[in-house]
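Per UniProt numbering, residue 6 is the first one in the sequence shown, and the count goes up by one each step.
In what follows, a single structure is set out as structure tokens and then discussed.
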Amino acid sequence: PVLVVDYGAQYAQLIARRVRDARVYSEIVPHSMPVAEMLARNPAAIILSGGPASVYAEGAPTTDPALFEAGVPVFGICYGFQAMTVALGGTVESTGRREFGGTPLSVSEPGALFAGLPAAQSVWMSHNDSVTKAPEGFTATASSAGAAVAAFEDRDRRLAGVQFHPEVAHTPHGQAVLRHFLYEIAGIAPTWTMSNVIEEQVAAIRETVGDKQVLCALSGGVDSAVAAALVHRAIGDQLTCVFVDHGLLRAGEAEQVETDYVASTGIKLKVYDAAEQFLSELAGVTEPETKRKIIGREFIRLFEQAARDLEAENHIDFLVQGTLYPDVVESGGGTGTANIKSHHNVGGLPDDLKFTLIEPLRTLFKDEVRRLGLELGLPEAMVYRQPFPGPGLAIRIIGEVTAHRLEILRAADAIARAELTAAGLDRSVWQFPVVLLADVRSVGVQGDGRTYGHPVVLRPVSSEDAMTADWSRLPYDLLAKISTRITNEVEDVNRVTLDITSKPPGTIEWE
Ligand code: XMP
Numbered sequence: 006p007v008l009v010v011d012y013g014a015q016y017a018q019l020i021a022r023r024v025r026d027a028r029v030y031s032e033i034v035p036h037s038m039p040v041a042e043m044l045a046r047n048p049a050a051i052i053l054s055g056g057p058a059s060v061y062a063e064g065a066p067t068t069d070p071a072l073f074e075a076g077v078p079v080f081g082i083c084y085g086f087q088a089m090t091v092a093l094g095g096t097v098e099s100t101g102r103r104e105f106g107g108t109p110l111s112v113s114e115p116g117a118l119f120a121g122l123p124a125a126q127s128v129w130m131s132h133n134d135s136v137t138k139a140p141e142g143f144t145a146t147a148s149s150a151g152a153a154v155a156a157f158e159d160r161d162r163r164l165a166g167v168q169f170h171p172e173v174a175h176t177p178h179g180q181a182v183l184r185h186f187l188y189e190i191a192g193i194a195p196t197w198t199m200s201n202v203i204e205e206q207v208a209a210i211r212e213t214v215g216d217k218q219v220l221c222a223l224s225g226g227v228d229s230a231v232a233a234a235l236v237h238r239a240i241g242d243q244l245t246c247v248f249v250d251h252g253l254l255r256a257g258e259a260e261q262v263e264t265d266y267v268a269s270t271g272i273k274l275k276v277y278d279a280a281e282q283f284l285s286e287l288a289g290v291t292e293p294e295t296k297r298k299i300i301g302r303e304f305i306r307l308f309e310q311a312a313r314d315l316e317a318e319n320h321i322d323f324l325v326q327g328t329l330y331p332d333v334v335e336s337g338g339g340t341g342t343a344n345i346k347s348h349h350n351v352g353g354l355p356d357d358l359k360f361t362l363i364e365p366l367r368t369l370f371k372d373e374v375r376r377l378g379l380e381l382g383l384p385e386a387m388v389y390r391q392p393f394p395g396p397g398l399a400i401r402i403i404g405e406v407t408a409h410r411l412e413i414l415r416a417a418d419a420i421a422r423a424e425l426t427a428a429g430l431d432r433s434v435w436q437f438p439v440v441l442l443a444d445v446r447s448v449g450v451q452g453d454g455r456t457y458g459h460p461v462v463l464r465p466v467s468s469e470d471a472m473t474a475d476w477s478r479l480p481y482d483l484l485a486k487i488s489t490r491i492t493n494e495v496e497d498v499n500r501v502t503l504d505i506t507s508k509p510p511g512t513i514e515w516e
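Structure, rendered in structure tokens:
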């Protein structure tokens, strides 16, 4: 792999993704990892990421010069560029000329990094200190007003660095610079593709599972669907999937799992229709956290039941989970090459049900999981499904959840989704909750009569990771069409409103 050394800024994941966009496999490692341990992973190259600190700040992470003596290609970015300069005997100074944001760069010599790129270009900068003298053996190839040396390279030793951030979209030629490092300086071939990933994972899963039995819970979401399809590709009918239908999904979603998914994968699926059980447990409950707790508890209870039913037929050793790479990085876990981790008590399951986890997506980012899903033959509608909360529509009905209210919300939600898709905006909008204010009524007029119905709220948001979000500026014509259709077609709804709150202070969901 290419190792991306994380100096604690938010850029390491982005760099790792850009490297993969160049079809080269990458993994993130913490800067505290000893050089010997990095080298033990046999890296094709090492990229030092940006970081928040000045290289002269107290406690600033340093870079072990041994890193540059191992013959492994190294690329320093921003903080990594400066740390590399210091480690190799160049000069970093606080010149008082900081640069933040879009900055003109002038290339004095294209070298390998800027080959074929314009001599004057805009790059994204974020630095206080700057490199004033490149280390010995390096050619300085570019500068900006605030950075006397903004890029350098030493082709013999296969070392290079840039002051700017090539990984962000605001650096238009950044991806080209990164590719030049990977292909030209480090000499890596772009061979990492989703079909390679499938091949590798299939072999690893077969090896691990042998002739044992595997269980997977499908949620209706993308991650569990792709994880199960991949495991199925490896071991066929040794995998059994369980789908607990809690009756809180949107229109067509349970059918998508029960019919489309099975048709496209051939997976063995057991469906537990538990809609009535969930509704009766939720009766009279209005408090959001209580709703969530009840749904979580019932879900575990049913899944346990399913696992026991299957155990009675066949002993089960493994459980598939759709864990993704960002969760692995954020929980500080290394990736290694292993896609398997041992766990005895999974997500609240009782002690006598012991499974080993199989997590075939734990090295992948979300967009890669989607591509993998398509490659495995899953329907586009499933692969590009927007995120949807586990407790489902129950937390989008403000007030008690009843069968009738679910019907109303499902109908309104289906219209909003269909129109968003028809307008070609479903992939650019992160999520589009429709919320039913079931305990609120307002006066309206329809035909010749006065109505006294419920409002629904449209909550379209754009986001990168759901941690922060902004409300999506949907075209007025689209909003008008959704509003007209919902009030005309959905019984009991006589008003449509738009939520224009960002997150923070609002959350994406209303409960
Ligand atoms: P909020 O409402 O906190 O939501 O801004 C952030 C993201 O998380 C989703 N969400 C959930 N997902 N189980 C889930 O699997 C849950 O209980 C849950 N609650 C919120 C929400 O849809 C958004 O994407």
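Beta carbons are placed, not taken as given, at the ideal position from N, Cα and C, and that holds for glycine.
This structure is a prediction, so every number in the text was calculated from the model and none was measured.
Nearest to residue i (by Cα), restricted to the options the options
i, options, result
"PHE73", "THR100, VAL40, ALA209, ASN319", "VAL40"
"GLY397", "VAL231, ILE299, ALA124, VAL77", "ILE299"
"THR442", "ALA428, ASP431, GLN436, GLY458", "It is worth fixing the name first, because residue 442 is Leu in this sequence and not Thr. For the residues ALA428, ASP431, GLN436, GLY458, the minimum Cα distance to LEU442 belongs to GLY458."
"VAL498", "GLY116, LEU414, LEU483", "LEU414"
"ILE33", "ASP357, LEU369, PHE186", "LEU369"
"VAL79", "GLY121, PHE143, GLY64", "PHE143"
"GLU286", "LEU274, PHE304, ASP444", "PHE304"
"VAL29", "LYS273, GLY192, ARG306", "GLY192"
"VAL97", "HIS132, PHE105, VAL445", "HIS132"
"LEU483", "GLU469, ASP431, GLU514", "ASP431"
"GLU114", "PHE105, ALA125, GLU469", "ALA125"
"ASP228", "LYS371, VAL173, LYS138", "LYS371"
"ASP357", "SER336, GLN310, SER447, PHE393", "GLN310"
"ILE51", "GLU494, ALA62, ALA75, GLU63", "ALA75"
DSSP state of residue i mapped onto helix, strand, coil
i, result
"SER111", "strand"
"GLU514", "coil"
"TYR457", "strand"
"PRO480", "coil"
"THR426", "helix"
"ASP497", "coil"
"THR342", "Any answer about THR342 is weak, because its pLDDT of 34 lies below 50 and its placement is not dependable; what the coordinates show is given next. DSSP places THR342 in coil when its eight states are reduced to three."
"SER347", "Reliability fails at SER347, whose pLDDT of 45 lies under 50, so the model's placement of it is uncertain and the value that follows must be treated cautiously. Three-state DSSP puts SER347 in a strand."
"GLN326", "coil"
"TYR266", "helix"
"PRO70", "helix"
"SER99", "coil"
"ILE296", "Before going on, a small fix: residue 296 reads as Lys here, not Ile. Looking at LYS296 - three-state DSSP - the assignment turns out to be helix."
"SER149", "strand"
"ALA125", "strand"
Distance CB(residue i)-CB(residue j) smaller than 8 Å
i, j, result
"ALA49", "PRO6", "yes"
"VAL434", "SER467", "yes"
"ALA153", "ALA147", "no"
"PRO70", "GLY56", "no"
"ARG255", "ALA419", "yes"
"GLN87", "VAL60", "yes"
"ALA232", "PRO438", "no"
"VAL276", "GLU263", "yes"
"ILE272", "LEU244", "yes"
"VAL388", "ARG367", "no"
"ALA120", "HIS185", "yes"
"ASP278", "ASP242", "no"
"ALA417", "ILE321", "no"
"THR512", "VAL462", "no"
"GLY179", "GLU172", "yes"
"SER224", "GLY395", "yes"
"ARG375", "GLY226", "no"
Cut-off 7 Å between Cβ atoms - residues of its own chain near residue i, not counting five sequence neighbours on either side
i, result
"PRO384", "ASP265, SER269"
"SER31", "PRO6, VAL7, VAL9, ALA21, VAL24, ARG25"
"ILE505", "TRP476"
"THR176", "VAL128, TRP129, PHE169, HIS170"
"LYS346", "In this predicted model, LYS346 has a pLDDT of only 44, less than 50, meaning its place in the structure is not dependable; the value taken from the coordinates is given anyway. LEU362, GLU364."
"ARG313", "none"
"PRO140", "THR90, LEU93, GLY94, GLY95"
Contact set for residue i: own chain, Cβ-Cβ below 8 Å, skip 5 residues either direction
i, result
"PHE323", "THR213, VAL214, LYS217, GLN218, VAL219, LEU220, PHE360, THR361, LEU362, ILE363"
"ALA386", "GLN261, ASP265"
"THR198", "ARG28"
"GLN206", "LEU235, ALA239, ASN344, PRO365"
Sequence-distant residues of the same chain with beta carbon closer than 6 Å to residue i, five excluded per side
i, result
"ALA14", "GLY55, GLY56, PRO57"
"TYR12", "HIS36, SER54, GLY56, PRO66, TYR84"
"GLY81", "LEU53, MET89, GLY166"
heavy atom of the ligand ADP below 7 Å from residue i C-beta
i, result
"ILE513", "In terms of ligand content, the structure shown lacks the ligand ADP and carries the ligand XMP instead."
Three or more C-beta pairs below 8 Å linking the segment 376 to 387 and the segment 400 to 418: Cβ pair count under 8 Å is below three, so no.
Stretch-stretch touch, CB-based, cutoff 8 Å, three pairs: the segment 151 to 163 with the segment 209 to 222: Judged by Cβ distances under 8 Å, the segment 151 to 163 makes no contact with the segment 209 to 222, as fewer than three pairs qualify.
Meets three-Cβ-pair contact criterion under 8 Å: the segment 164 to 179 and the segment 75 to 93: Yes, the segment 164 to 179 is in contact with the segment 75 to 93.
Sufficient close CB pairs (3 or more, under 8 Å) joining the segment 325 to 337 to the segment 290 to 306: These segments do not touch.
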